[in-house]
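Worksheet for the structure shown next.
In my numbering, the protein residues as written are -12 to 493.
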(Lines of atoms letter the chains of each structure in order from A and count residues from 1; the text may use other names and numbers.)
(Lines give C-alpha, C1' and ligand atoms only; values in the text may rest on other atoms or scores of the structure.)
Protein backbone atom coordinates (compact mmCIF):
# COMPACT_ATOMS: atom_id res chain seq x y z
CA UNK A 1 0.00 0.00 0.00
CA UNK A 2 1.14 3.59 -0.51
CA UNK A 3 2.68 5.83 2.10
CA UNK A 4 -0.57 7.72 2.57
CA UNK A 5 -2.03 4.69 4.34
CA UNK A 6 0.66 4.96 7.00
CA UNK A 7 -0.58 8.40 7.99
CA UNK A 8 -3.37 6.83 10.03
CA UNK A 9 -0.90 4.98 12.27
CA UNK A 10 1.87 7.54 12.58
CA UNK A 11 -0.43 10.48 13.32
CA UNK A 12 -2.52 8.84 16.05
CA UNK A 13 -0.16 9.97 18.82
CA UNK A 14 -0.35 13.68 17.95
CA UNK A 15 -1.95 15.96 20.53
CA UNK A 16 -4.48 17.41 18.12
CA UNK A 17 -6.25 19.51 20.75
CA UNK A 18 -3.01 21.23 21.70
CA UNK A 19 -2.31 21.91 18.04
CA UNK A 20 -5.79 23.36 17.59
CA UNK A 21 -5.05 25.96 20.25
CA UNK A 22 -2.15 27.27 18.15
CA UNK A 23 -3.76 27.30 14.72
CA UNK A 24 -3.97 30.68 12.96
CA UNK A 25 -6.11 30.20 9.84
CA UNK A 26 -5.52 32.32 6.76
CA UNK A 27 -8.73 32.71 4.78
CA UNK A 28 -7.50 35.32 2.30
CA UNK A 29 -8.08 34.51 -1.38
CA UNK A 30 -5.29 33.01 -3.47
CA UNK A 31 -5.04 35.01 -6.70
CA UNK A 32 -2.03 35.60 -8.97
CA UNK A 33 -0.02 33.19 -6.84
CA UNK A 34 -0.39 35.05 -3.55
CA UNK A 35 -2.81 35.69 -0.74
CA UNK A 36 -4.56 39.00 -1.31
CA UNK A 37 -6.58 41.37 0.85
CA UNK A 38 -10.17 42.03 -0.15
CA UNK A 39 -11.93 45.29 0.53
CA UNK A 40 -15.46 43.90 0.76
CA UNK A 41 -17.24 42.25 3.64
CA UNK A 42 -16.52 39.06 5.54
CA UNK A 43 -18.47 36.19 7.03
CA UNK A 44 -17.73 34.30 10.22
CA UNK A 45 -16.50 30.73 10.02
CA UNK A 46 -17.58 28.87 13.16
CA UNK A 47 -16.23 25.46 14.08
CA UNK A 48 -18.92 22.76 14.29
CA UNK A 49 -16.76 21.17 17.00
CA UNK A 50 -17.56 23.77 19.67
CA UNK A 51 -19.12 26.78 17.98
CA UNK A 52 -15.96 28.84 18.35
CA UNK A 53 -14.94 31.45 15.80
CA UNK A 54 -12.19 30.13 13.55
CA UNK A 55 -11.79 33.32 11.55
CA UNK A 56 -13.54 35.93 9.44
CA UNK A 57 -13.52 34.85 5.80
CA UNK A 58 -13.32 37.47 3.04
CA UNK A 59 -16.50 37.34 0.99
CA UNK A 60 -15.18 37.46 -2.54
CA UNK A 61 -17.55 38.88 -5.09
CA UNK A 62 -17.72 39.51 -8.79
CA UNK A 63 -14.61 41.72 -8.80
CA UNK A 64 -12.38 39.05 -7.26
CA UNK A 65 -13.80 36.35 -9.55
CA UNK A 66 -13.18 38.61 -12.56
CA UNK A 67 -9.57 39.13 -11.53
CA UNK A 68 -8.97 35.41 -11.01
CA UNK A 69 -10.54 34.56 -14.37
CA UNK A 70 -8.54 37.26 -16.15
CA UNK A 71 -5.29 35.84 -14.81
CA UNK A 72 -6.43 32.31 -15.71
CA UNK A 73 -7.26 33.38 -19.27
CA UNK A 74 -3.91 35.14 -19.62
CA UNK A 75 -2.19 31.90 -18.65
CA UNK A 76 -4.08 30.12 -21.42
CA UNK A 77 -3.27 32.75 -24.04
CA UNK A 78 0.32 33.58 -23.17
CA UNK A 79 1.49 31.35 -20.37
CA UNK A 80 3.57 28.22 -20.14
CA UNK A 81 1.15 25.78 -18.53
CA UNK A 82 -1.01 24.69 -21.52
CA UNK A 83 2.12 24.54 -23.68
CA UNK A 84 4.25 22.57 -21.26
CA UNK A 85 4.77 18.92 -22.10
CA UNK A 86 2.38 16.46 -20.44
CA UNK A 87 5.33 14.93 -18.63
CA UNK A 88 6.33 18.37 -17.35
CA UNK A 89 2.82 18.99 -16.03
CA UNK A 90 2.84 15.58 -14.39
CA UNK A 91 6.09 16.40 -12.61
CA UNK A 92 4.55 19.53 -11.10
CA UNK A 93 1.51 17.56 -9.92
CA UNK A 94 3.79 14.94 -8.36
CA UNK A 95 5.64 17.70 -6.50
CA UNK A 96 2.29 19.05 -5.32
CA UNK A 97 1.33 15.62 -3.96
CA UNK A 98 4.63 15.50 -2.06
CA UNK A 99 3.92 18.93 -0.57
CA UNK A 100 0.42 17.93 0.51
CA UNK A 101 1.73 14.82 2.22
CA UNK A 102 4.43 16.83 3.98
CA UNK A 103 1.81 19.27 5.31
CA UNK A 104 -0.85 16.65 6.05
CA UNK A 105 -1.00 17.44 9.77
CA UNK A 106 -1.85 21.11 9.21
CA UNK A 107 -4.33 20.27 6.46
CA UNK A 108 -6.08 17.54 8.43
CA UNK A 109 -6.43 19.84 11.42
CA UNK A 110 -8.01 22.55 9.28
CA UNK A 111 -10.47 20.03 7.82
CA UNK A 112 -11.49 18.75 11.24
CA UNK A 113 -11.92 22.22 12.71
CA UNK A 114 -13.96 23.63 9.83
CA UNK A 115 -16.15 20.58 9.10
CA UNK A 116 -16.38 18.67 12.40
CA UNK A 117 -15.00 15.55 10.71
CA UNK A 118 -13.14 13.14 13.05
CA UNK A 119 -9.43 13.81 12.74
CA UNK A 120 -8.78 10.16 11.97
CA UNK A 121 -10.98 10.44 8.88
CA UNK A 122 -9.51 13.80 7.88
CA UNK A 123 -6.09 12.14 7.80
CA UNK A 124 -7.06 8.71 6.51
CA UNK A 125 -9.75 9.67 3.98
CA UNK A 126 -9.40 13.28 2.87
CA UNK A 127 -5.62 13.56 2.95
CA UNK A 128 -5.13 10.07 1.61
CA UNK A 129 -7.69 10.76 -1.09
CA UNK A 130 -6.19 14.00 -2.36
CA UNK A 131 -2.62 12.67 -2.32
CA UNK A 132 -3.58 9.54 -4.23
CA UNK A 133 -5.68 11.49 -6.75
CA UNK A 134 -2.96 14.03 -7.50
CA UNK A 135 -0.36 11.27 -7.85
CA UNK A 136 -2.66 9.21 -10.10
CA UNK A 137 -3.30 12.04 -12.54
CA UNK A 138 0.35 13.08 -12.40
CA UNK A 139 1.26 9.57 -13.57
CA UNK A 140 -1.46 9.63 -16.24
CA UNK A 141 -0.28 12.90 -17.79
CA UNK A 142 2.10 11.40 -20.36
CA UNK A 143 0.06 8.23 -20.95
CA UNK A 144 -2.74 9.92 -22.89
CA UNK A 145 -2.68 9.86 -26.66
CA UNK A 146 -4.86 10.83 -29.57
CA UNK A 147 -6.24 8.63 -32.32
CA UNK A 148 -5.39 8.11 -35.98
CA UNK A 149 -8.37 6.50 -37.71
CA UNK A 150 -7.72 4.97 -41.11
CA UNK A 151 -9.97 7.02 -43.39
CA UNK A 152 -8.54 5.65 -46.63
CA UNK A 153 -7.23 7.23 -49.79
CA UNK A 154 -4.78 10.10 -49.54
CA UNK A 155 -6.46 11.59 -46.47
CA UNK A 156 -5.14 11.51 -42.91
CA UNK A 157 -7.34 12.09 -39.85
CA UNK A 158 -5.98 12.94 -36.42
CA UNK A 159 -8.11 13.09 -33.27
CA UNK A 160 -6.62 14.89 -30.29
CA UNK A 161 -7.59 16.28 -26.90
CA UNK A 162 -6.99 19.90 -25.98
CA UNK A 163 -7.65 21.74 -22.71
CA UNK A 164 -11.00 23.54 -22.63
CA UNK A 165 -9.25 26.64 -21.26
CA UNK A 166 -10.51 28.17 -18.01
CA UNK A 167 -12.32 25.87 -15.61
CA UNK A 168 -14.43 26.84 -12.59
CA UNK A 169 -14.67 24.26 -9.80
CA UNK A 170 -17.12 24.59 -6.91
CA UNK A 171 -16.08 22.24 -4.12
CA UNK A 172 -18.23 20.89 -1.25
CA UNK A 173 -17.50 20.75 2.45
CA UNK A 174 -18.07 17.07 3.22
CA UNK A 175 -14.77 15.89 1.68
CA UNK A 176 -13.10 19.22 0.93
CA UNK A 177 -9.68 17.92 -0.15
CA UNK A 178 -10.43 14.46 -1.52
CA UNK A 179 -13.04 15.87 -3.89
CA UNK A 180 -10.76 18.80 -4.72
CA UNK A 181 -8.17 16.31 -5.91
CA UNK A 182 -10.65 14.39 -8.04
CA UNK A 183 -11.44 17.51 -10.10
CA UNK A 184 -8.55 19.98 -9.85
CA UNK A 185 -5.81 17.41 -10.53
CA UNK A 186 -7.20 16.17 -13.90
CA UNK A 187 -8.13 19.69 -14.96
CA UNK A 188 -4.57 20.89 -14.36
CA UNK A 189 -3.06 17.72 -15.82
CA UNK A 190 -4.76 18.47 -19.14
CA UNK A 191 -3.32 22.00 -19.23
CA UNK A 192 -6.29 24.07 -18.06
CA UNK A 193 -6.28 27.05 -15.74
CA UNK A 194 -8.56 26.58 -12.72
CA UNK A 195 -10.54 28.94 -10.49
CA UNK A 196 -11.82 27.24 -7.33
CA UNK A 197 -14.72 28.47 -5.21
CA UNK A 198 -14.64 26.40 -2.00
CA UNK A 199 -17.68 25.85 0.16
CA UNK A 200 -18.17 28.66 2.65
CA UNK A 201 -18.13 25.98 5.38
CA UNK A 202 -14.70 24.62 4.36
CA UNK A 203 -12.48 27.22 2.69
CA UNK A 204 -9.37 26.96 4.88
CA UNK A 205 -8.08 23.54 3.88
CA UNK A 206 -8.75 24.20 0.19
CA UNK A 207 -6.91 27.53 0.27
CA UNK A 208 -3.86 26.05 1.97
CA UNK A 209 -3.81 22.97 -0.26
CA UNK A 210 -3.94 25.04 -3.45
CA UNK A 211 -1.30 27.41 -2.10
CA UNK A 212 0.97 24.38 -1.81
CA UNK A 213 0.46 23.73 -5.54
CA UNK A 214 1.87 27.14 -6.42
CA UNK A 215 4.73 26.65 -3.98
CA UNK A 216 5.43 23.29 -5.65
CA UNK A 217 5.98 24.92 -9.04
CA UNK A 218 2.55 25.43 -10.59
CA UNK A 219 2.43 28.71 -12.57
CA UNK A 220 0.82 31.32 -10.37
CA UNK A 221 -2.08 32.01 -12.72
CA UNK A 222 -2.94 28.36 -13.38
CA UNK A 223 -4.80 28.04 -10.05
CA UNK A 224 -6.74 30.57 -7.98
CA UNK A 225 -9.07 30.18 -4.99
CA UNK A 226 -11.84 32.70 -4.28
CA UNK A 227 -13.73 32.00 -1.02
CA UNK A 228 -17.16 33.51 -0.74
CA UNK A 229 -20.87 32.86 -0.55
CA UNK A 230 -22.40 30.57 -3.12
CA UNK A 231 -25.09 33.04 -4.12
CA UNK A 232 -22.42 35.63 -4.93
CA UNK A 233 -19.04 34.09 -5.80
CA UNK A 234 -20.51 30.79 -6.97
CA UNK A 235 -23.02 32.50 -9.21
CA UNK A 236 -20.31 34.82 -10.55
CA UNK A 237 -18.40 31.75 -11.71
CA UNK A 238 -21.52 30.21 -13.23
CA UNK A 239 -22.34 33.42 -15.14
CA UNK A 240 -18.82 34.37 -16.17
CA UNK A 241 -18.53 34.57 -19.98
CA UNK A 242 -14.82 33.72 -20.00
CA UNK A 243 -15.10 30.42 -18.12
CA UNK A 244 -15.37 27.43 -20.42
CA UNK A 245 -16.47 24.62 -18.09
CA UNK A 246 -17.76 24.38 -14.52
CA UNK A 247 -17.79 21.38 -12.20
CA UNK A 248 -20.05 21.69 -9.18
CA UNK A 249 -20.36 19.23 -6.32
CA UNK A 250 -23.17 20.01 -3.91
CA UNK A 251 -26.90 19.91 -3.42
CA UNK A 252 -29.41 19.54 -6.23
CA UNK A 253 -30.48 23.16 -5.68
CA UNK A 254 -26.89 24.35 -6.05
CA UNK A 255 -26.45 22.39 -9.26
CA UNK A 256 -29.63 23.80 -10.78
CA UNK A 257 -28.58 27.35 -9.87
CA UNK A 258 -25.22 26.98 -11.62
CA UNK A 259 -26.84 25.42 -14.69
CA UNK A 260 -29.26 28.36 -14.90
CA UNK A 261 -26.42 30.85 -14.54
CA UNK A 262 -24.53 29.14 -17.35
CA UNK A 263 -27.56 29.19 -19.61
CA UNK A 264 -28.01 32.91 -18.99
CA UNK A 265 -24.40 33.65 -19.99
CA UNK A 266 -22.19 31.80 -22.48
CA UNK A 267 -23.79 28.36 -22.19
CA UNK A 268 -20.63 26.87 -20.72
CA UNK A 269 -20.60 23.19 -19.93
CA UNK A 270 -21.72 22.42 -16.38
CA UNK A 271 -20.91 19.10 -14.74
CA UNK A 272 -23.08 18.62 -11.63
CA UNK A 273 -22.33 15.89 -9.10
CA UNK A 274 -25.18 16.32 -6.66
CA UNK A 275 -27.05 14.72 -3.79
CA UNK A 276 -28.23 11.19 -3.30
CA UNK A 277 -30.63 8.98 -1.40
CA UNK A 278 -29.02 5.61 -1.94
CA UNK A 279 -30.60 2.38 -0.80
CA UNK A 280 -29.23 -0.83 0.63
CA UNK A 281 -31.37 -3.81 -0.39
CA UNK A 282 -30.82 -6.93 1.72
CA UNK A 283 -32.37 -10.19 0.49
CA UNK A 284 -33.14 -13.24 2.62
CA UNK A 285 -30.36 -15.22 0.94
CA UNK A 286 -27.71 -12.69 2.01
CA UNK A 287 -24.42 -14.55 2.47
CA UNK A 288 -23.53 -13.09 5.87
CA UNK A 289 -25.93 -10.86 7.82
CA UNK A 290 -23.16 -9.63 10.11
CA UNK A 291 -21.01 -8.57 7.17
CA UNK A 292 -23.95 -6.79 5.55
CA UNK A 293 -24.82 -5.02 8.80
CA UNK A 294 -21.24 -3.77 9.23
CA UNK A 295 -21.12 -2.43 5.68
CA UNK A 296 -24.54 -0.78 5.93
CA UNK A 297 -23.64 0.85 9.26
CA UNK A 298 -20.55 2.30 7.63
CA UNK A 299 -22.56 3.44 4.62
CA UNK A 300 -25.21 5.13 6.73
CA UNK A 301 -23.12 6.73 9.48
CA UNK A 302 -19.58 7.26 8.22
CA UNK A 303 -18.66 10.95 7.98
CA UNK A 304 -21.74 11.71 10.13
CA UNK A 305 -23.93 10.57 7.24
CA UNK A 306 -22.60 13.46 5.14
CA UNK A 307 -22.08 11.46 1.94
CA UNK A 308 -24.00 11.72 -1.31
CA UNK A 309 -23.47 7.98 -1.78
CA UNK A 310 -24.51 7.11 1.79
CA UNK A 311 -27.12 4.36 2.10
CA UNK A 312 -29.72 6.01 4.32
CA UNK A 313 -32.63 3.85 3.05
CA UNK A 314 -32.54 0.24 4.17
CA UNK A 315 -34.84 -2.33 2.59
CA UNK A 316 -34.67 -5.80 4.10
CA UNK A 317 -36.57 -8.90 3.03
CA UNK A 318 -39.10 -9.72 5.71
CA UNK A 319 -37.75 -13.20 6.54
CA UNK A 320 -34.44 -11.74 7.79
CA UNK A 321 -35.64 -8.28 8.82
CA UNK A 322 -35.55 -8.84 12.58
CA UNK A 323 -32.18 -10.58 12.50
CA UNK A 324 -30.63 -7.90 10.32
CA UNK A 325 -31.99 -5.07 12.45
CA UNK A 326 -30.53 -6.67 15.57
CA UNK A 327 -27.15 -7.01 13.87
CA UNK A 328 -27.29 -3.43 12.63
CA UNK A 329 -28.18 -2.17 16.09
CA UNK A 330 -25.13 -3.96 17.48
CA UNK A 331 -22.93 -2.20 14.93
CA UNK A 332 -24.45 1.19 15.74
CA UNK A 333 -23.77 0.64 19.43
CA UNK A 334 -20.06 0.38 18.62
CA UNK A 335 -19.97 3.89 17.15
CA UNK A 336 -18.49 6.60 19.32
CA UNK A 337 -19.87 10.13 19.05
CA UNK A 338 -17.28 12.53 20.34
CA UNK A 339 -14.81 15.34 19.95
CA UNK A 340 -13.54 15.37 16.35
CA UNK A 341 -10.02 15.90 17.69
CA UNK A 342 -10.08 12.61 19.63
CA UNK A 343 -8.47 9.90 17.51
CA UNK A 344 -10.98 7.26 18.66
CA UNK A 345 -14.06 9.28 17.67
CA UNK A 346 -16.03 7.63 14.87
CA UNK A 347 -18.91 10.15 14.55
CA UNK A 348 -18.04 13.82 14.82
CA UNK A 349 -20.00 17.06 14.58
CA UNK A 350 -22.48 18.02 11.88
CA UNK A 351 -21.02 20.75 9.72
CA UNK A 352 -23.98 23.14 9.61
CA UNK A 353 -26.75 24.19 11.97
CA UNK A 354 -29.22 23.47 9.17
CA UNK A 355 -28.21 19.81 9.14
CA UNK A 356 -28.69 19.48 12.86
CA UNK A 357 -32.17 20.97 12.67
CA UNK A 358 -33.01 18.86 9.63
CA UNK A 359 -31.91 15.65 11.37
CA UNK A 360 -34.14 16.47 14.33
CA UNK A 361 -37.09 17.49 12.17
CA UNK A 362 -36.87 14.50 9.83
CA UNK A 363 -36.76 12.14 12.81
CA UNK A 364 -39.75 13.82 14.47
CA UNK A 365 -41.76 13.71 11.23
CA UNK A 366 -41.02 10.02 10.76
CA UNK A 367 -42.15 9.24 14.30
CA UNK A 368 -45.30 11.32 13.87
CA UNK A 369 -46.08 9.21 10.80
CA UNK A 370 -45.79 5.94 12.72
CA UNK A 371 -42.05 5.32 12.62
CA UNK A 372 -40.11 4.00 15.61
CA UNK A 373 -36.70 5.13 16.84
CA UNK A 374 -34.54 2.05 17.47
CA UNK A 375 -31.29 3.91 18.06
CA UNK A 376 -30.37 7.55 18.60
CA UNK A 377 -32.84 10.22 17.60
CA UNK A 378 -31.36 12.93 19.78
CA UNK A 379 -28.57 15.45 20.08
CA UNK A 380 -25.42 14.55 21.99
CA UNK A 381 -23.43 16.91 24.22
CA UNK A 382 -20.03 15.66 23.06
CA UNK A 383 -18.35 19.08 23.22
CA UNK A 384 -20.03 22.19 24.64
CA UNK A 385 -21.31 24.44 21.87
CA UNK A 386 -20.90 21.79 19.17
CA UNK A 387 -23.38 20.18 16.79
CA UNK A 388 -23.70 16.46 17.51
CA UNK A 389 -26.48 14.04 16.64
CA UNK A 390 -26.57 10.40 17.65
CA UNK A 391 -26.50 7.75 14.91
CA UNK A 392 -30.20 7.19 14.38
CA UNK A 393 -32.04 4.13 13.12
CA UNK A 394 -35.74 4.38 12.33
CA UNK A 395 -38.11 1.51 11.62
CA UNK A 396 -41.49 1.54 9.89
CA UNK A 397 -41.27 5.17 8.73
CA UNK A 398 -43.81 5.95 5.99
CA UNK A 399 -42.54 5.63 2.43
CA UNK A 400 -43.56 9.25 1.87
CA UNK A 401 -41.57 10.57 4.83
CA UNK A 402 -38.48 12.68 4.21
CA UNK A 403 -36.19 10.05 5.70
CA UNK A 404 -37.17 7.89 2.73
CA UNK A 405 -37.48 10.47 -0.03
CA UNK A 406 -35.01 13.31 0.64
CA UNK A 407 -31.33 13.65 1.45
CA UNK A 408 -31.05 14.49 5.16
CA UNK A 409 -27.22 14.53 5.15
CA UNK A 410 -26.94 13.45 8.76
CA UNK A 411 -26.48 10.14 10.62
CA UNK A 412 -30.11 9.14 10.11
CA UNK A 413 -31.19 5.92 8.38
CA UNK A 414 -34.63 4.41 7.93
CA UNK A 415 -35.47 0.73 7.42
CA UNK A 416 -38.50 -1.12 6.07
CA UNK A 417 -39.21 -4.78 5.29
CA UNK A 418 -40.22 -5.91 1.81
CA UNK A 419 -41.83 -9.08 0.48
CA UNK A 420 -40.64 -9.37 -3.13
CA UNK A 421 -38.17 -7.90 -5.60
CA UNK A 422 -40.73 -5.69 -7.32
CA UNK A 423 -41.66 -4.03 -4.03
CA UNK A 424 -38.01 -3.47 -3.17
CA UNK A 425 -37.36 -1.86 -6.55
CA UNK A 426 -40.41 0.38 -6.29
CA UNK A 427 -39.45 1.74 -2.88
CA UNK A 428 -35.71 1.90 -3.48
CA UNK A 429 -35.92 4.09 -6.55
CA UNK A 430 -38.96 6.25 -5.88
CA UNK A 431 -37.03 9.35 -4.80
CA UNK A 432 -35.71 10.41 -8.19
CA UNK A 433 -32.14 10.39 -6.93
CA UNK A 434 -29.77 8.09 -8.78
CA UNK A 435 -26.42 8.01 -7.03
CA UNK A 436 -26.09 4.38 -5.95
CA UNK A 437 -27.54 1.15 -4.62
CA UNK A 438 -26.05 -1.65 -2.53
CA UNK A 439 -27.50 -5.14 -3.11
CA UNK A 440 -26.93 -8.05 -0.73
CA UNK A 441 -27.76 -11.53 -2.04
CA UNK A 442 -26.24 -14.91 -2.84
CA UNK A 443 -28.10 -15.03 -6.15
CA UNK A 444 -26.42 -13.43 -9.13
CA UNK A 445 -29.78 -13.61 -10.92
CA UNK A 446 -31.28 -11.39 -8.22
CA UNK A 447 -28.24 -9.12 -8.16
CA UNK A 448 -28.34 -8.50 -11.89
CA UNK A 449 -32.10 -8.09 -11.94
CA UNK A 450 -31.78 -5.26 -9.43
CA UNK A 451 -28.68 -3.62 -10.87
CA UNK A 452 -30.10 -3.69 -14.40
CA UNK A 453 -33.41 -2.23 -13.26
CA UNK A 454 -31.94 0.60 -11.24
CA UNK A 455 -31.32 4.07 -12.63
CA UNK A 456 -28.14 4.85 -10.72
CA UNK A 457 -24.55 5.72 -11.39
CA UNK A 458 -23.12 3.08 -9.05
CA UNK A 459 -24.35 -0.39 -8.12
CA UNK A 460 -22.55 -2.42 -5.46
CA UNK A 461 -23.19 -6.14 -4.98
CA UNK A 462 -22.34 -7.67 -1.60
CA UNK A 463 -20.33 -4.60 -0.64
CA UNK A 464 -20.64 -0.88 -0.14
CA UNK A 465 -18.30 1.86 -1.39
CA UNK A 466 -16.13 -0.45 -3.44
CA UNK A 467 -13.91 2.20 -4.91
CA UNK A 468 -10.79 2.87 -6.97
CA UNK A 469 -9.37 5.85 -8.82
CA UNK A 470 -9.69 3.95 -12.10
CA UNK A 471 -13.49 3.78 -11.80
CA UNK A 472 -15.81 6.76 -12.47
CA UNK A 473 -18.17 7.97 -9.75
CA UNK A 474 -21.36 9.95 -10.31
CA UNK A 475 -25.11 9.70 -10.56
CA UNK A 476 -28.18 10.15 -12.76
CA UNK A 477 -31.49 11.94 -12.31
CA UNK A 478 -31.60 14.31 -9.34
CA UNK A 479 -28.05 13.24 -8.50
CA UNK A 480 -26.67 15.00 -11.59
CA UNK A 481 -24.61 13.64 -14.44
CA UNK A 482 -21.07 14.76 -13.64
CA UNK A 483 -18.37 12.15 -13.11
CA UNK A 484 -15.17 12.17 -11.11
CA UNK A 485 -12.24 9.72 -11.08
CA UNK A 486 -10.80 7.57 -13.83
CA UNK A 487 -10.56 8.76 -17.41
CA UNK A 488 -14.27 9.64 -17.64
CA UNK A 489 -13.36 12.95 -16.01
CA UNK A 490 -11.31 13.91 -19.07
CA UNK A 491 -14.48 14.81 -20.97
CA UNK A 492 -15.16 17.57 -18.43
CA UNK A 493 -11.88 19.34 -18.99
CA UNK A 494 -10.89 18.73 -22.61
CA UNK A 495 -12.16 19.36 -26.11
CA UNK A 496 -11.82 16.75 -28.84
CA UNK A 497 -10.39 18.12 -32.08
CA UNK A 498 -10.36 16.38 -35.46
CA UNK A 499 -7.65 17.45 -37.89
CA UNK A 500 -8.18 16.29 -41.49
CA UNK A 501 -5.25 16.42 -43.91
CA UNK A 502 -5.48 15.74 -47.65
CA UNK A 503 -2.16 14.59 -49.09
CA UNK A 504 -0.91 14.86 -52.65
CA UNK A 505 -0.81 17.60 -55.23
CA UNK A 506 -4.52 17.74 -55.98
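Virtual Cβ for every residue (Gly too), placed ideally from N, Cα, C. Nothing here was measured: the structure is a model prediction, and the numbers come from that model.
Discussion item. With a threshold of 8 Å, are at least 3 pairs of Cβ atoms found where one atom belongs to the segment 62 to 75 and the other to the segment 182 to 198?
Written reply: no
Discussion item. Check whether the segment 203 to 223 and the segment 47 to 62 are in contact - that is, three or more C-beta pairs closer than 8 Å.
Written reply: yes
Worksheet item: Starting from residue 362 and walking both ways along the beta strand (DSSP E), at which residues does that stretch end?
Response: 359 to 362
Worksheet item: Around the Cβ of residue 222, are there at least 16 other Cβ atoms within 10 angstroms (buried) or fewer (exposed)?
Response: buried
Item to complete: Following the continuous alpha helix (DSSP H) through residue 230, name the residue where it begins and the one where it ends.
Response: No alpha helix (DSSP H) holds residue 230; DSSP gives it neither H nor E.
Worksheet entry | Range covered by the beta strand (DSSP E) that runs through residue 155 | 153 to 157
Discussion item. For residue 227, count the other beta carbons within 10 Å of its own beta carbon; 16 or more makes it buried, fewer makes it exposed. Which is it?
Written reply: buried
Practice prompt. Under the assumption that residue 165 contacts residue 117 (Cβ atoms under 8 Å), give the Cβ distance between them as a whole number of angstroms.
Written response: 5 Å
Item to complete: Return the Cβ separation of residue 211 and residue 17 in integer angstroms, given the expectation that the two are a contact with Cβ distance under 8 Å.
Response: 6 Å
Worksheet item: Is there contact here, the segment 409 to 419 with the segment 312 to 332, by at least three beta-carbon pairs under 8 Å?
Response: no
Practice prompt. For residue 122, collect the residues of the same chain with a Cβ closer than 7 Å to its Cβ; drop the 5 residues on either side in sequence, then sort them by chain order.
Written response: 81, 84
Worksheet entry | DSSP state of residue 476 mapped onto helix, strand, coil | coil
Worksheet item: Whose CA, out of 268, 236, 269, 277, lies closest to the CA of residue 258?
Response: 236
Item to complete: Return the residue from the list 421, 411, 162 that minimises the CA-CA distance to residue 263.
Response: 421
Practice prompt. Identify which residue in 181, 169, 161 has its Cα closest to the Cα of residue 289.
Written response: 161
Item to complete: Could you tell me the distance, in whole angstroms, from the CA atom of residue 86 to the CA atom of residue 281?
Response: 35 Å
Discussion item. Less than 7 Å between the C-beta atoms of residue 328 and residue 403, yes or no?
Written reply: no
Item to complete: Quick one: grab the DSSP three-state call for residue 420.
Response: strand
Discussion item. Suppose you measure from the CA of residue -12 to the CA of residue 455; what does that come to, to the nearest Å?
Written reply: Low confidence applies to residue -12: its pLDDT is 30, below 50, so where it sits in the model is not reliable, and the reading given next is rough at best. Cα to Cα, the separation comes out at about 13 Å.
Worksheet item: Alpha carbon to alpha carbon, what distance is there between residue 285 and residue 276?
Response: 14 Å
Discussion item. What would DSSP say about residue 99, mapped onto helix, strand or coil?
Written reply: helix
Fill in: For residue 379, three-class secondary structure by DSSP
strand
Discussion item. Tell me the rounded alpha-carbon separation between residue 272 and residue 304.
Written reply: 9 Å
Item to complete: Under the assumption that residue 377 contacts residue 390 (Cβ atoms under 8 Å), give the Cβ distance between them as a whole number of angstroms.
Response: Contact doesn't hold; Cβ gap of about 15 Å is too wide.
Worksheet item: Taking DSSP as the reference, what is the three-state secondary structure of residue 430?
Response: coil
Fill in: CA-to-CA distance, residue 102 to residue 516, given in whole angstroms
In the structure displayed, the chain extends from -12 to 493; residue 516 sits before or after that span and is not available.
Worksheet item: Is it true that the CB of residue 261 sits closer than 7 Å to the CB of residue 466?
Response: yes
Discussion item. By the DSSP assignment, the alpha helix (DSSP H) with residue 264 in it spans what residues?
Written reply: Residue 264 -> no alpha helix (DSSP H), and no H or E assigned at all.
Worksheet item: DSSP on residue 147, reduced to helix/strand/coil?
Response: strand
Practice prompt. Determine the closest residue to residue 43 out of 163, 172, 189, with distance taken between C-alpha atoms.
Written response: 189
Worksheet entry | Sheet register partners of residue 405 (DSSP bridge) | 304
Discussion item. If you reduce the DSSP assignment to three classes, tell me which class residue 73 lands in.
Written reply: helix
Fill in: Proximity winner among 128, 145, 432, 130, relative to residue 136 (alpha-carbon distances)
145
Worksheet item: When you compare only the Cα positions, how much space is there between residue 147 and residue 24?
Response: 41 Å
Worksheet entry | Assigned exposure category for residue 294 - 16 Cβ within 10 Å defines buried | buried
Practice prompt. Determine the contact status of residue 379 and residue 363, defining contact as a CB-CB distance below 7 Å.
Written response: yes
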